[in-house]
Each structure stands twice: as structure tokens, then as C-alpha cells.
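What follows is one structure encoded as C-alpha cells, with my remarks underneath.
2 protein chains.
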Amino acid sequence: MQENKIIKLTVRDVRFPTSLEQHGSDAMHTDPDYSVAYVVLETDSDAALKGYGLTFTVGRGTEIVVCAVKALSTLVVGKTLKEIVSDFRGFYRLLSSDGQMRWVGPEKGVIQLATAAILNAVWDLWARVEGKPLWKLLVDMHLKQTMLKEGYPAYTTSCAWLGYTDQQLTQLCSEALAQGWTKFKVKVGADLQDDIRRCSLIRKLIGPNNTLMIDANQRWDVNEAITWVTKLAEFHPLWIEEPTCPDDVLGHASISKALAPLGIGVATGEQCHNRVMFKQFLQAAALQFVQIDSCRVGSVNENLAIILMAAKFNVPVCPHAGGVGLCELVQHLILFDYISVSASLNNRMCEYVDHLHEHFKSPTIIRNAHYIPPKDPGYSCEMLEESVQKHQYPDGEVWRAIEQQGKQ
Amino acid sequence: MQENKIIKLTVRDVRFPTSLEQHGSDAMHTDPDYSVAYVVLETDSDAALKGYGLTFTVGRGTEIVVCAVKALSTLVVGKTLKEIVSDFRGFYRLLSSDGQMRWVGPEKGVIQLATAAILNAVWDLWARVEGKPLWKLLVDMHLKQTMLKEGYPAYTTSCAWLGYTDQQLTQLCSEALAQGWTKFKVKVGADLQDDIRRCSLIRKLIGPNNTLMIDANQRWDVNEAITWVTKLAEFHPLWIEEPTCPDDVLGHASISKALAPLGIGVATGEQCHNRVMFKQFLQAAALQFVQIDSCRVGSVNENLAIILMAAKFNVPVCPHAGGVGLCELVQHLILFDYISVSASLNNRMCEYVDHLHEHFKSPTIIRNAHYIPPKDPGYSCEMLEESVQKHQYPDGEVWRAIEQQGKQ
């Protein structure tokens, strides 16, 4: 491998005004504008060779992540790719354990999101240098296996955001069934009667043999979660996702224990901030589905540790991907999990949402409700330059137009 | 109470170059520059009436907290103090649960530090409006009691930072004994033989009846902590502080269980990011000393919840105050704990470090190793304007001089 010295890091605040149509709405995030802190690394070896990375956010606050990426950038610029990957643990710790910056984390919140954005770009760069999609780079480190012909099973969250009307639910669900979808997630948690009506409607539409999951996005406290979900048990959800505060390991353990007799598992992870938290969730039997996220924790590095721990505890990994870019990235990790770690599809599936893929250079390909393994080199992070410029906040033309129309 | 509308919020990045003399150094933070994101609130009622707040950081990364304070400021400016304090829970949730910004937390890391800085300023403003020091405002809400004549017991961390020589340790410790100090904390965790030598030295200097605590600042993993501390047991430390990752509740529970037969407790909290984490530490018997911090969690609001939980579990609160401004702020909270909640000094004491008090308008007063209750109105957050201007980063004269001298 050439040295490939990183000579420049740029980061931009890119936001999509998704709140205007209630895409992504749930009980806690009522008006998300799907956004990214978008990182591009440039090297000295070849002007065309760049590494693209991002972390997902939901609007306001993205500028704080951008500020954190800038603060961390001094630790990256000047390093060669060879130096980084020959001691990736050391490089990871350099980013996460800077003697001054770790105070504002450590390994959580803004600084961890910024770390993810940068490391995602480093992994993308490495995979591009090797001329492989990231998942292939990962599985080739381990043992080779035949790539799945049929792809990796996906479920859809796009039919039942909390802000959608019953008419929208019915139409979107019917269309998804026609396209071959068999697993559906419904947002719940704001109003019990509303949830009963929506779950009943969807269960009728999809029939008894398809899979239903429900997601409260942290809306409840522990006892409230148990009571509320018990009242939705008649609709046979496979899991309740994020029933309470994402930090409450012991609370999730209580909920898991109470819901086990009803055949409902607990799923969480999209706001679980690092491997130490996942370790405890597994130790305490506090979840039955591990929802890794490609942008919340410290990139591929930390997700590999989480995937291996999940395997040790025999708990399936079902990634979170409800956001912009998250489907593109996490498909690489779940392919690695299947090919090199779990070798099982039992109770396993990867979330899919159908928004904003058109802004990526190598968008996710779904066929018959399965993720088709990407073949382009890299980590599928690269966005279309035109999309970035249009959506850059606050000066891109989309945001200028919204401001002028006074819609927000 | 008048309306006292908040019409302006300013925030500044203020840093003290403490790393030049190794003040504050420990096993993980080898070169801290004690710093604050410093917030001033202005009201429409009286130009002289301002609220001062801060959060503590250790140098790089402060600019990210400043950025986060700016992002949150839109939720504060325009509100009246009356609106805020008449529904303080609602206001707290407005800051911590903004539908977009919560994604970059929630309630942890940068965004929580920024929330603390702002809420500290709001509490300061409220106490000034009432003409009381904050602790008095708090205890008057509850039940009145005679203020302690002798003050609240303190311990010192200033004698044994990791970067100090044995000669410095000996001199500082002897001086402290002469001043009446009876409780001493030693930084450990980088090198076992070094720790044995330092602990032995200090135990000899202070004798068998004074109290020794040790602090590893998260340096170890779980088993390493148990082995290492067992080898320091002969020096009879009261507690081992931050033995491992601050997120590892179950790890701390294992350490607590292993060290209990040696008579050594586990203390932690300075990087415990919210009340839900403290709840679990208490539920799991994972700590024997609760170290609240005035700037890590969501200000007075969240610390009151933590103090009440500690009382419920009968665990003493011994605040963290190793930083700039932390002594000034947390003394109010520990007075509230004593007067209104615990009514006990058993195994209770408040950390004290002797650096940088000269930059505050109402600096902490220590007499005979006790905190003397402050009497000036407010939360003791106000800094001398001259100090702020000199230390503002990167343009204050102190930092310009350091840059010119090329010392850093």
C-alpha cells in the first residue's frame, strides 16, 4: 500500500427539510430534518482519491458536530493511511482519548458522532485504496465466503411514521406488500388509543404471518413501557424498540423480563453511545435484538467489537438505519456479520427507510425486500456534489428558498 | 418577583494554561488547561442584574461547548425568569428534549455540558433576584435550619497530582497538615510501583488517623482495577475513585463487591452524565460514594434529583470539585444536602483544589479545612472581567503570550 498521506479534511453541514412532510416523525422527534455532518478526506497521492464519511443528525445541532469534527481534524491531517491502519487501535484511541478533548465526552454525544464521521471517511478511503466495497474489505480480513445471491433481509420503517394519516398508512403498506416486503415497523408511544388503532390496521393489512415491530423512541418510563406494550401484545409485535431512556440498562432488563412471557423482545441501540453500554445491555439480558448504528458509535472499529460481543451472547444484530446515509453504511456491517460472524439469518434483518437515497453516488439497492451487496469500492458514503451544495446549511439553495418562503 | 426577561446571552471560551505546571494532571488527563465555557445572561429589568454560569472543561474542545451553548441560546433568550422558574421542569425539558438537538446527546457529553452552563446562569440569576446565595435559596425552599458555624468538611486534592515530584508531594502535604487538613487524595493509575511509593510516602506523612483516598481517573479495566487496588490496600484508602470507564455500571458493581472485604469503597460521578446513570449505579450497589458535579449534569435541577436518590439509597454524597469554578458552585449543593436532606457528616466531605480561585468575584473560603458557607447573592459563578479578558481563548493576552513564546 502507498503511504496516502491525508492532507486535507473538509466538513459540511448538510440538511434535508424532511420535517415539512413528517418523514421520520416519531414520539420524541416530531420534526426531524434528516441531516449529516459530511466529511471529505483528501490525500497527496492522487487528486481523485478521496475518503467520504458522514454522521447522521436530525437538524439543529449539526453545526455543533461540524465544530467537533474541526476540533478533531488536527489529529487526522498529516497522518498517512498506512500509519493509521497499521495501528488502528492506537489511532482510535488518539481520537477518543485526547487528554483535553475527552472531557467533553468521553466517547459519547457530540464528540463520538464527530469521531464516527471522521472514521467512516477513513474506512471509506481504505476500502477505495483496496478497490473494494467496505464489507468485502472486512470479510476478506477474516475468511472468504460466497456472497449472498439473494441479499440480506430488510424490514421497512417507511410505511408508518407517527405523523402519517391512516390513509397514508394503508396506501404505503399495500404498496410495500406488493413489492415483496414482509416485515414492518410502526412508530408508537404518543397516544395509546392511536397506537391500538394503527397497530390493528397494519396487522389486518399484513396478515398473521408477516412480521410487525413497534418503536416508542424512548417515550416511556420503565413501568409505563410494560403497561403500554402489554396492551399492544394482541398484535404480536416481535419487538418493542427503545421503550425507555437509552442509558437505562437496568430499566431495559426489567422490561425484557416483564415482556418475555408475552413473546415480545426488547430492541435498542440507535442511541447507545459506546461499546461499554452495549456490553452491559448484553450482560444484564436487557435486550434481545442489538441495533447497531453506523454513525452513533466510533465507526467500523467500535461496531466490530459490538458485533462480536452480540455473537458471544448469542443475540441477533438487527441494525438501525432510519436516517440519511445510514442504510448505505450499515449494509456493509451486516454483511460482515452474516459472512464472518453469525452465519445465521434467524431473527435477523436490517432496517430500511426509502428516503433520500437519490443523493448518494452508490445508493442502496433493495430487491424483493433484501439489501443487495454493494460492489463499488468504499463505504458508500459519497454524496452527489450537487446534493451537498443544494442542501448545505444555511446557505444552500434549498434552505435559502425555505427561509424566503417563511415555511420554517 | 418581577418578570426579568432574558434579553441577551453571551458565551466565552476562557482557558487557564495550567498544563504548564502540571496542576490537575492525572493518569488520563496528562496536560489539562483548566477552562470554562462562561455564560452571562442579561435582563431587561436592570442593567446591573446579570446571571453568571459556567461549565468546566480542560482545554481543547471548549469551543465545541461554546458552539452548543449558542445553539441552545435561542431557547433561553426571550423567556422571563418568572416563566422559567414557575415551570422549571418544562424549561429543563425544553433544553434537553428539543426534537432536533436531542439527537446529538441525549443528555450527555457536549450538549449536557452546555445545558449545565446555561442553567447554572439561570440559577445564579434567580438567587441574585432573591438576594441570596444559591444554597440559601435552595434550603429556604425546604426547611430552615441554622447555618453551620464551622462550615462543611473539605478534603484536598492539590497535594498529589500525578505530575508532581516526591519533593513537591512532601512539601505540599506538610503545609496542608499545618493548615489543618485531615483528608488527602492521591492520583494513581499510571504505574504501580510509582503508586506504591507515593501512597507510602503520603501515609507516613499524614499518619494512621488521617484519611487517604486514591483516584485512577478511569485508567483501568475491571479486573485490572481489582488487582491494582488490592496491592494498594495496605495504605488503607477510604475509596478508589473512577477505577474504570465511567459508563460501566456493572463493572463498578464487580469492583465494589471485590473491594468491600478490604474496606475500600468505590467513588465515582464526575463523568457520570445524567441522573439515569446515577440511578443505576445506586440500584446496582456499584458505588459507595456519590460524586456529584455542578457542571457535568443538568445543573441544580438534575443534581437535586441525584442528591435525593443518594439519600434514598443511604449513600453519602462527596462532590467532585477538581476544576476551575467547581468548588465555588458545588459548595452550594453540598450545603443544601446537609441542611435539607442528609443532616449527616458521616463519611461526607467535599473536594477542594487550591487553583484559580483568584479569578472569581466571590471565591470559595476555606477555614480549618472546611468550606465556609458563601453569603453573596447568586451561585458564585461570576468571574472577574479582567480575568475573562486575559484568558479568553485564543485572543486573550495570556494565550497570545504563550503562542508567541512557543511554549505550547
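These protein sequences, in sequence, are chains A and B.
First residue of the first sequence: 1, per the UniProt record's numbering; consecutive thereafter.
First residue of the second sequence: 1, per the UniProt record's numbering; consecutive thereafter.
Positions of the beta carbon are idealized from the N, C-alpha and C atoms, including for glycine.
These numbers were taken from a predicted model, which means no experiment stands behind them.
Practice task
Report buried or exposed for B/P86, applying the criterion of at least 16 other Cβ atoms within 10 angstroms of its Cβ.
Solution key: Note that residue 86 of chain B corresponds to Ser in the displayed sequence, not to Pro. B/S86 is exposed by the Cβ-count criterion.
Handout entry: Nearest residue (CA-CA) to A/S299, options A/F88, A/R367, A/L172 and A/E234
Key = It is A/F88.
Exercise for the section: Tell me whether A/Q288 sits in a helix, a strand or coil according to DSSP, three-state version. Expected result: In this structure, DSSP gives A/Q288 a state outside helix and strand, which the three-state scheme calls coil.
Handout entry: Where B/C350 falls: helix, strand or coil (DSSP)
Key = Correct three-state label for B/C350: strand.
Practice task
Check whether the Cβ atoms of A/K185 and A/M213 sit closer than 8 angstroms, and answer yes or no.
Solution key: Going by beta carbons, A/K185 and A/M213 fall inside the 8 angstroms limit.
Handout entry: Whole-angstrom distance between A/E386 and A/A305, CA atom to CA atom
Key = Taking the straight line joining both Cα atoms gives about 36 angstroms.
Handout entry: Contacts of B/Q271 in chain A (Cβ-Cβ under 7 angstroms)
Key = Neighbours of B/Q271 on chain A, chain order: P106.
Handout entry: Where the beta strand (DSSP E) containing B/F54 begins and where it ends
Key = Per the sequence shown, residue 54 of chain B should be read as Leu rather than Phe. Residues K50 to T57.
Practice task
State the Cα-Cα distance for the pair B/G396 and B/P153, rounded to the nearest angstrom.
Solution key: Roughly 36 angstroms between the two C-alpha positions.
Problem - C-beta atoms of residue 463 of chain A and B/I64 nearer than 8 angstroms - result: Coverage of chain A is limited to positions 1 through 408, which leaves residue 463 of chain A absent and any answer about it impossible.
Problem - Which of helix, strand or coil DSSP assigns to A/Y338 - result: Note: A/Y338 maps to helix in three-state DSSP.
Practice task
Could you spell out where the beta strand (DSSP E) holding B/D124 opens and where it closes?
Solution key: Premise fails: B/D124 lies in the alpha helix (DSSP H), G109 to V129, not in any beta strand (DSSP E).
Problem - For A/G265, the residue or residues it bridges with in DSSP - result: The partner list for A/G265 (beta bridge, DSSP) reads A/W239.
Handout entry: Listed by chain order, chain A residues near B/L9 by CB distance under 8 angstroms
Key = Chain A residues near B/L9: none, gap ~16 angstroms exceeds 8 angstroms.
Problem - Any chain A beta carbon closer than 8 angstroms to B/D376 - result: It does not: the Cβ of B/D376 has no partner Cβ on chain A nearer than 8 angstroms.
Exercise for the section: For chain B, find out if any of its Cβ atoms is closer than 8 angstroms to the Cβ of A/G325; answer yes or no. Expected result: No, A/G325 lies away from the interface with chain B (no Cβ there is under 8 angstroms from its Cβ).
Problem - Three-state secondary structure assigned by DSSP to A/I307 - result: Correct three-state label for A/I307: helix.
Exercise for the section: Just confirm the distance between the C-beta atoms of B/S380 and B/E302, as a whole number of angstroms; I'd bet it's less than 8 angstroms. Expected result: Their Cβ separation, rounded to whole angstroms, is 19 angstroms, which puts B/S380 and B/E302 out of contact at 8 angstroms.
Exercise for the section: Decide if the segment 184 to 202 of chain A is in contact with the segment 225 to 237 of chain A; the criterion is three or more beta carbon pairs, one per stretch, under 8 angstroms apart. Expected result: Three or more Cβ pairs drawn from the segment 184 to 202 of chain A and the segment 225 to 237 of chain A lie within less than 8 angstroms of each other, which places the two stretches in contact.
Practice task
Using the DSSP secondary-structure output, state which residues sit across from B/Q392 in a beta bridge.
Solution key: Looking at the DSSP assignment, B/Q392 forms a beta bridge with B/V14.
Practice task
Could you pull out every residue in the same chain whose Cβ sits closer than 8 angstroms to the Cβ of A/A47, ignoring the five residues on either side in sequence?
Solution key: Contacts found: none.
Exercise for the section: Identify the continuous beta strand (DSSP E) that holds residue 411 of chain A and give its terminal residues. Expected result: Outside the displayed span of chain A (1 to 408) sits residue 411 of chain A, for which this structure offers no information.
Exercise for the section: Verify whether the separation of the beta carbon atoms of B/C295 and B/L326 is less than 8 angstroms. Expected result: In contact: B/C295 and B/L326 (Cβ atoms closer than 8 angstroms).
Exercise for the section: Check B/E270 in the structure and name its three-state DSSP category. Expected result: Of the three classes helix, strand and coil, the one that applies to B/E270 here is coil, per DSSP.
Practice task
For A/H29, return the contacting residues in chain B, with the cut-off set at a CB-CB distance below 8 angstroms.
Solution key: Under the 8 angstroms cutoff, chain B gives G99, Q100, R102 and W103.
Problem - C-alpha distance - B/V398 paired with A/L9, whole-angstrom precision - result: Their backbone Cα atoms lie some 30 angstroms apart in a straight line.
Problem - Rounded C-alpha distance that separates A/T156 from A/V353 - result: Answer to the nearest angstrom: the Cα atoms are 6 angstroms apart.
Practice task
Mind checking the segment 54 to 66 of chain A against chain B and listing, in chain order, the residues whose C-beta falls within less than 9 angstroms of any C-beta there?
Solution key: From the segment 54 to 66 of chain A, only F56, T57, V58, G59, R60, G61, T62, E63, I64, V65 and V66 have a Cβ closer than 9 angstroms to chain B.
Practice task
Output yes or no for whether 8 angstroms exceeds the beta carbon distance between B/L192 and B/W228.
Solution key: Yes. Within cutoff.
Exercise for the section: Determine the chain B residues that contact A/M277 at a beta-carbon separation under 8 angstroms, and present them in chain order. Expected result: Near A/M277 (Cβ distances below 8 angstroms), the residues of chain B are D247.
Problem - Rounded distance between the beta-carbons of B/L125 and B/L41, thought under 8 angstroms - result: 6 angstroms between Cβ atoms; contact.
Practice task
Buried or exposed for A/M141, please, with buried defined as at least 16 other CB atoms from any protein chain shown within 10 angstroms of its CB.
Solution key: Classification of A/M141: exposed, given that the 10 Å Cβ count is below 16.
Handout entry: Contact list for the segment 112 to 130 of chain B against chain A, Cβ threshold 9 angstroms
Key = Correct list: Q112, L113 and A114.
Handout entry: Straight-line gap, A/Q112 to B/E175 (C-alpha atoms, nearest Å)
Key = Going by the C-alpha atoms only, they are around 42 angstroms apart.
Problem - Nearest to A/E130 (by Cα), restricted to the options A/G51, A/N347, A/A37 and A/A225 - result: Residue A/G51 is the option with its Cα nearest to A/E130.
Practice task
Measure the C-alpha to C-alpha separation of A/P133 and A/M101 and round it to an integer number of angstroms.
Solution key: Distance between the alpha carbons of A/P133 and A/M101 is about 32 angstroms.
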